[in-house]
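Position one of the sequence shown corresponds to residue 195 (the numbering used here), numbered consecutively onward.
Glycine included, each C-beta is placed from N, C-alpha and C at the ideal position.
Keep in mind that this is a model prediction, so the values were computed, not measured.
Here's the structure we're looking at; comments come further down.
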Amino acid sequence: MESMRMRWVFVAGALLAGDTLAGGVYWTNRGQNRIERAGFDGSGRETVLLNGGTNLRGIALDTINNLIYYADNGADVIYRMNWDGSDRNPVLTVGPGSFPAGVRFDLTLGLLYYCDRDKDHIRRSGVDGSNPEIVIGPGTQPYYLDIDFEEGKLYWGDFDGTSANSGNVFRANLDGSDRETVVTGTLETRAVCLDTAGGMLYWGQPQRGKDRTRILGGPARGRGREPGGGNHL
């Protein structure tokens, strides 16, 4: 399954989804309402989708079915389309009063996960948007998330930017049980990303107009099953 492995990096505050089969890195350009891609060395940058929405956020690649999923929290919709930007369709309408951001999925079980900061929960559904349910309830303002499939854990960031030391990183079981705080003392925790092979957790923390990544160390361990599209480094 090595060729299907995803890689995620932080660049200029955006969470980029990269895949060797897709030939590079895909990202949402919120300022220009586009989805773009480039080679891993930055070459060959091109627009995949013009006018993708009004406030584009999280993105995830399905490397089994050659699909892109992304969230538009201007329209409060999660979309799905082909890698070349064709055949875009809404998968799940989550508004009004929503703020969909981070998107992940488990293709093995056919599940789509997403964060909704304003409704203060994490939900999951079928990858076609069917049977949506709340997995993580109120109290953490979830913004972006990642999944450790080997350990069966969700990780997500808290976007509380109103007071110092109020943004955190949390984790819980995939059914939402056993919630715990794993990082404290940050502000406006944004993108969250796991390197399960290296036992590392990465997150974005924008402060003073800059974007930074912080690292939480942990014991290295082997990779478990690949969830089809993957969502790891």
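query                                                                                                                              : result
Three-way DSSP call (helix, strand, coil) for glycine 291 in this model                                                            : coil
Buried/exposed call for glutamate 196, threshold 16 Cβ in 10 Å                                                                     : Here the model assigns glutamate 196 a pLDDT of 31, short of 50, so the residue's position is not dependable and the matter cannot be decided.
Residue burial classification, glycine 403 (beta-carbon count within 10 angstroms, cutoff 16)                                      : With a pLDDT of 42 at glycine 403, under the threshold of 50, the modelled position of that residue is not reliable, and the figure given next carries that caveat. Label assigned to glycine 403: exposed.
Of the listed residues Val297, Asp310, Thr390, Arg365, nearest to proline 290 (C-alpha basis)                                      : Asp310
Alanine 391, enclosing beta strand (DSSP E) - first and last residue                                                               : Element bounds for alanine 391: n/a, residue is neither H nor E.
Beta-carbon separation (whole angstroms), leucine 265 vs arginine 251, contact threshold 8 Å                                       : The sequence given here places alanine at residue 265; leucine does not occur at that position. That pair is a contact at about 4 Å.
Which of helix, strand or coil DSSP assigns to alanine 265                                                                         : strand
Asparagine 362: first and last residue of the uninterrupted beta strand (DSSP E) it sits in                                        : 361-367
Terminal residues of the beta strand (DSSP E) in which alanine 254 lies                                                            : 250-256
C-alpha distance - phenylalanine 343 paired with asparagine 260, whole-angstrom precision                                          : 21 Å
Beta-carbon contacts of arginine 231 that lie in its chain and below 7 Å, excluding the five residues immediately before and after : Gly218, Val219, Tyr220, Glu240, Val242
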